[in-house]
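Single-structure report; data block below.
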Amino acid sequence: MQLFYCPELLNDPSFLSNEESFHCFKVLRKKVGDHIHLIDGVGGFYEAEITIASQKKVIFNVIKKWNQPQSPYSLHIAIAPTKNNDRFEWFLEKATEIGVDEVTPIICEHSERKMIKYERMEKIILSAAKQSLKSKLPKINKVTSFNDFMNKNHSSHCFIAHCLPNQKKKLKNEVVSDSTILIGPEGDFSTLEVEVALKNNFIPISLGRSRLRTETAGVIACHTIALHHE
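Be aware that the sequence shown starts at 257, since it is given in this note's numbering, and climbs by one per residue.
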(Lines of atoms letter the chains of each structure in order from A and count residues from 1; the text may use other names and numbers.)
(Lines give C-alpha, C1' and ligand atoms only; values in the text may rest on other atoms or scores of the structure.)
Protein backbone atom coordinates (compact mmCIF):
# COMPACT_ATOMS: atom_id res chain seq x y z
CA MET A 1 0.00 0.00 0.00
CA GLN A 2 1.40 3.40 -1.02
CA LEU A 3 0.59 6.05 1.58
CA PHE A 4 0.42 9.82 1.20
CA TYR A 5 0.73 12.20 4.15
CA CYS A 6 -1.98 14.83 4.48
CA PRO A 7 -2.23 16.32 8.00
CA GLU A 8 -4.66 18.91 6.63
CA LEU A 9 -7.26 16.15 6.41
CA LEU A 10 -8.10 17.05 10.00
CA ASN A 11 -9.39 20.37 8.65
CA ASP A 12 -11.22 18.63 5.80
CA PRO A 13 -9.42 19.93 2.70
CA SER A 14 -9.22 17.80 -0.42
CA PHE A 15 -5.73 18.14 -1.85
CA LEU A 16 -2.17 16.94 -1.34
CA SER A 17 0.79 19.21 -0.63
CA ASN A 18 3.03 20.21 -3.53
CA GLU A 19 5.63 17.60 -2.60
CA GLU A 20 3.12 14.79 -2.19
CA SER A 21 1.28 15.86 -5.36
CA PHE A 22 4.49 15.69 -7.37
CA HIS A 23 5.26 12.21 -6.05
CA CYS A 24 1.71 11.01 -6.67
CA PHE A 25 1.36 12.41 -10.21
CA LYS A 26 4.88 12.49 -11.62
CA VAL A 27 6.55 9.52 -9.91
CA LEU A 28 3.68 7.08 -9.38
CA ARG A 29 1.74 8.21 -12.47
CA LYS A 30 -1.58 8.42 -10.63
CA LYS A 31 -4.46 9.87 -12.65
CA VAL A 32 -8.05 11.01 -12.30
CA GLY A 33 -10.24 8.17 -11.06
CA ASP A 34 -7.41 6.33 -9.31
CA HIS A 35 -7.81 5.50 -5.62
CA ILE A 36 -5.10 6.53 -3.15
CA HIS A 37 -4.54 5.94 0.56
CA LEU A 38 -3.60 8.66 3.01
CA ILE A 39 -2.58 9.15 6.64
CA ASP A 40 -3.16 12.23 8.80
CA GLY A 41 -0.26 11.61 11.23
CA VAL A 42 -2.46 11.13 14.30
CA GLY A 43 -3.89 7.68 13.67
CA GLY A 44 -6.29 8.05 10.76
CA PHE A 45 -6.21 6.13 7.46
CA TYR A 46 -8.17 7.33 4.43
CA GLU A 47 -9.12 6.01 1.02
CA ALA A 48 -9.79 8.66 -1.61
CA GLU A 49 -10.48 9.04 -5.33
CA ILE A 50 -8.47 11.52 -7.38
CA THR A 51 -10.65 14.13 -9.11
CA ILE A 52 -7.95 16.45 -10.50
CA ALA A 53 -4.31 15.48 -11.07
CA SER A 54 -1.26 17.60 -11.82
CA GLN A 55 2.30 17.68 -10.55
CA LYS A 56 1.54 20.79 -8.49
CA LYS A 57 -1.77 19.75 -6.98
CA VAL A 58 -3.65 16.47 -6.65
CA ILE A 59 -7.26 16.97 -5.57
CA PHE A 60 -9.35 14.10 -4.22
CA ASN A 61 -12.59 13.07 -2.56
CA VAL A 62 -12.40 10.96 0.61
CA ILE A 63 -14.35 7.72 0.23
CA LYS A 64 -13.83 6.23 3.66
CA LYS A 65 -11.83 6.61 6.85
CA TRP A 66 -10.67 4.17 9.53
CA ASN A 67 -8.39 4.40 12.53
CA GLN A 68 -5.32 2.32 13.24
CA PRO A 69 -5.79 0.19 16.38
CA GLN A 70 -4.41 1.96 19.42
CA SER A 71 -1.00 0.76 20.60
CA PRO A 72 -1.08 -1.20 23.87
CA TYR A 73 1.92 0.76 25.17
CA SER A 74 3.44 4.24 25.21
CA LEU A 75 7.20 4.64 24.81
CA HIS A 76 9.34 7.76 25.16
CA ILE A 77 13.03 7.39 24.25
CA ALA A 78 15.39 10.13 25.44
CA ILE A 79 18.64 9.58 23.55
CA ALA A 80 21.89 11.47 23.01
CA PRO A 81 22.45 12.39 19.33
CA THR A 82 25.37 10.42 17.91
CA LYS A 83 28.54 12.07 16.60
CA ASN A 84 27.81 10.52 13.20
CA ASN A 85 24.49 12.01 12.16
CA ASP A 86 23.68 9.04 9.90
CA ARG A 87 23.55 6.75 12.93
CA PHE A 88 21.02 8.95 14.70
CA GLU A 89 18.92 9.06 11.54
CA TRP A 90 19.10 5.25 11.38
CA PHE A 91 17.83 5.07 14.96
CA LEU A 92 14.89 7.35 14.18
CA GLU A 93 13.98 5.30 11.12
CA LYS A 94 14.08 1.94 12.90
CA ALA A 95 12.43 3.20 16.10
CA THR A 96 9.54 4.56 14.02
CA GLU A 97 9.18 1.26 12.16
CA ILE A 98 9.24 -0.77 15.39
CA GLY A 99 7.06 1.59 17.41
CA VAL A 100 7.92 4.65 19.51
CA ASP A 101 5.66 7.52 20.58
CA GLU A 102 8.13 10.22 21.48
CA VAL A 103 11.84 10.93 21.05
CA THR A 104 13.81 13.57 22.93
CA PRO A 105 17.43 14.29 21.93
CA ILE A 106 19.37 14.93 25.15
CA ILE A 107 22.74 16.58 25.58
CA CYS A 108 24.92 14.85 28.16
CA GLU A 109 28.31 15.52 29.67
CA HIS A 110 30.03 13.23 27.15
CA SER A 111 27.95 14.27 24.12
CA GLU A 112 29.89 15.14 20.96
CA ARG A 113 26.90 16.36 18.92
CA LYS A 114 24.61 19.05 20.26
CA MET A 115 22.57 20.02 17.20
CA ILE A 116 20.13 18.17 14.95
CA LYS A 117 18.28 19.20 11.81
CA TYR A 118 14.61 18.92 12.68
CA GLU A 119 13.28 19.18 9.16
CA ARG A 120 15.52 16.32 8.10
CA MET A 121 14.52 14.23 11.14
CA GLU A 122 10.83 14.79 10.49
CA LYS A 123 11.20 13.64 6.88
CA ILE A 124 12.94 10.46 8.02
CA ILE A 125 10.19 9.75 10.54
CA LEU A 126 7.49 10.34 7.94
CA SER A 127 9.18 8.08 5.39
CA ALA A 128 9.60 5.31 7.98
CA ALA A 129 5.96 5.64 9.10
CA LYS A 130 4.74 5.29 5.51
CA GLN A 131 7.00 2.31 4.87
CA SER A 132 5.79 0.51 8.00
CA LEU A 133 2.12 1.43 7.38
CA LYS A 134 1.74 3.57 10.48
CA SER A 135 -0.81 6.37 10.50
CA LYS A 136 0.49 8.02 13.69
CA LEU A 137 3.84 9.81 13.62
CA PRO A 138 6.18 9.81 16.62
CA LYS A 139 6.81 13.21 18.18
CA ILE A 140 10.40 14.47 18.09
CA ASN A 141 11.08 17.07 20.77
CA LYS A 142 13.58 19.89 20.85
CA VAL A 143 17.10 19.16 22.04
CA THR A 144 17.34 19.50 25.81
CA SER A 145 20.11 19.16 28.36
CA PHE A 146 20.26 16.13 30.64
CA ASN A 147 19.59 18.28 33.70
CA ASP A 148 16.61 20.04 32.13
CA PHE A 149 15.19 16.68 31.12
CA MET A 150 15.48 15.49 34.72
CA ASN A 151 13.37 18.46 35.84
CA LYS A 152 10.45 17.61 33.56
CA ASN A 153 7.50 15.35 34.28
CA HIS A 154 7.81 11.87 32.82
CA SER A 155 5.91 8.62 32.77
CA SER A 156 5.49 6.76 36.03
CA HIS A 157 8.07 4.17 34.88
CA CYS A 158 11.47 5.65 34.00
CA PHE A 159 14.64 3.74 33.13
CA ILE A 160 18.27 4.57 32.41
CA ALA A 161 20.50 2.25 30.38
CA HIS A 162 24.17 2.77 31.24
CA CYS A 163 27.47 0.86 31.25
CA LEU A 164 28.72 1.63 34.75
CA PRO A 165 29.28 -1.44 36.96
CA ASN A 166 26.20 -0.77 39.09
CA GLN A 167 23.52 -3.32 39.79
CA LYS A 168 20.93 -3.24 37.02
CA LYS A 169 17.65 -4.91 36.15
CA LYS A 170 16.96 -6.48 32.77
CA LEU A 171 14.60 -4.35 30.71
CA LYS A 172 12.83 -7.44 29.39
CA ASN A 173 11.76 -8.21 32.96
CA GLU A 174 10.61 -4.66 33.72
CA VAL A 175 8.35 -3.96 30.73
CA VAL A 176 5.26 -1.86 31.52
CA SER A 177 2.68 -0.09 29.38
CA ASP A 178 4.05 3.44 29.86
CA SER A 179 7.84 3.90 29.80
CA THR A 180 10.54 6.54 29.48
CA ILE A 181 13.99 5.16 28.66
CA LEU A 182 17.26 7.12 28.77
CA ILE A 183 20.02 6.16 26.30
CA GLY A 184 23.42 7.85 26.70
CA PRO A 185 26.07 9.09 24.24
CA GLU A 186 29.02 7.12 22.82
CA GLY A 187 31.01 7.88 25.98
CA ASP A 188 28.09 6.77 28.19
CA PHE A 189 26.50 8.80 30.95
CA SER A 190 28.85 10.29 33.51
CA THR A 191 28.85 8.92 37.04
CA LEU A 192 27.16 12.11 38.25
CA GLU A 193 24.42 11.84 35.62
CA VAL A 194 23.65 8.28 36.65
CA GLU A 195 23.49 9.37 40.30
CA VAL A 196 21.12 12.23 39.41
CA ALA A 197 18.88 9.88 37.42
CA LEU A 198 18.71 7.39 40.29
CA LYS A 199 17.78 10.20 42.70
CA ASN A 200 14.95 11.05 40.30
CA ASN A 201 13.65 7.48 40.54
CA PHE A 202 15.02 6.24 37.22
CA ILE A 203 15.60 2.48 37.35
CA PRO A 204 19.02 1.31 36.05
CA ILE A 205 18.63 -1.32 33.34
CA SER A 206 20.66 -3.64 31.17
CA LEU A 207 19.88 -4.22 27.48
CA GLY A 208 21.94 -7.40 27.27
CA ARG A 209 25.49 -8.65 27.69
CA SER A 210 27.01 -6.78 24.76
CA ARG A 211 28.31 -3.22 24.92
CA LEU A 212 26.09 -1.44 22.40
CA ARG A 213 26.41 1.67 20.28
CA THR A 214 24.01 4.46 21.22
CA GLU A 215 21.75 3.96 18.20
CA THR A 216 21.74 0.17 18.64
CA ALA A 217 20.79 0.52 22.31
CA GLY A 218 17.88 2.75 21.33
CA VAL A 219 16.60 0.24 18.79
CA ILE A 220 17.01 -2.68 21.22
CA ALA A 221 15.01 -0.78 23.85
CA CYS A 222 12.20 -0.11 21.35
CA HIS A 223 12.15 -3.72 20.18
CA THR A 224 12.16 -5.14 23.71
CA ILE A 225 9.08 -3.09 24.61
CA ALA A 226 7.30 -3.75 21.33
CA LEU A 227 7.98 -7.50 21.33
CA HIS A 228 6.62 -7.86 24.86
CA HIS A 229 3.28 -6.36 23.74
CA GLU A 230 2.89 -8.48 20.57
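In this text, a Cβ means the ideal position worked out from N, Cα and C, and glycines have one as well.
Look at the beta carbons and you see the stretch 332–347 not touching the stretch 284–297: under three pairs across the two are nearer than 8 angstroms.
Residue nearest to alanine 334 within the set Glu449, Glu451, Lys379 and Thr436 is Thr436 (criterion: CA-CA distance).
Distance between proline 361 and glycine 440, taken at the CA atoms: about 10 angstroms. In this structure, glycine 300 sits away from serine 388, with a CB-CB distance that is not shorter than 7 angstroms. Glutamate 451: member of the alpha helix (DSSP H) spanning 447–455, first to last residue. Going by C-alpha positions, threonine 480 is about 24 angstroms away from glycine 297. Runs of the beta strand (DSSP E) lying entirely within the stretch 313–355 and spanning at least 3 residues, in chain order: 314–323 and 330–335.
Rounded to whole angstroms, serine 401 and alanine 477 show a C-alpha spacing of 21 angstroms. The shortest C-alpha to C-alpha distance from threonine 352 to any of Tyr374, Ile380 and Glu365 is the one to Ile380. Closest in alpha carbon position to serine 270, among Val318, Ala453 and Glu349, is Val318. Residues of the same chain with a CB within less than 8 angstroms of the CB of isoleucine 372, apart from the 5 flanking positions on each side, are Pro337, Asn341, Phe344, Pro361 and Val399 in chain order. In chain order, Cys364, Glu365 and Phe402 place their CB closer than 7 angstroms to the CB of glutamate 449, counting only its own chain and leaving out the 5 sequence neighbours on each side. Comparing alpha carbon positions, the residue from Ile292, Ser277, His410 and Arg465 closest to leucine 438 is His410.
Classified as buried, leucine 272 has 16 or more neighbouring CB atoms from the shown chains inside 10 Å of its CB.
Spanning the alpha carbons of asparagine 397 and arginine 465 requires a straight line of approximately 30 angstroms. Nearest neighbour of isoleucine 306 by Cα position, chosen from Ile354, Cys280 and Ser412, turns out to be Cys280. Per DSSP, valine 359 is one residue of the beta strand (DSSP E) stretching across 358–363. For leucine 382, the enclosing alpha helix (DSSP H) starts and ends at 374–387. Apart from the 5 residues on each side of it in sequence, lysine 428 sits with its Cβ closer than 6 angstroms to the Cβ of Thr480 in its chain, given in chain order. Rounded to whole angstroms, lysine 282 and glutamate 378 show a C-alpha spacing of 23 angstroms. When secondary structure is reduced to three states using DSSP, histidine 484 falls in the helix class. A distance below 8 angstroms between beta-carbons, with the five flanking residues on each side excluded, links leucine 454 to the following residues of its chain, in chain order: Ile416 and Pro460.
For a cut-off of 8 angstroms, the C-beta gap from methionine 406 to valine 452 is around 6 angstroms, short enough to register as a contact.
Here the C-alpha atom of proline 328 lies approximately 17 angstroms from the C-alpha atom of lysine 395. Closest in alpha carbon position to glutamate 276, among Pro325, Leu331 and Leu294, is Leu294.
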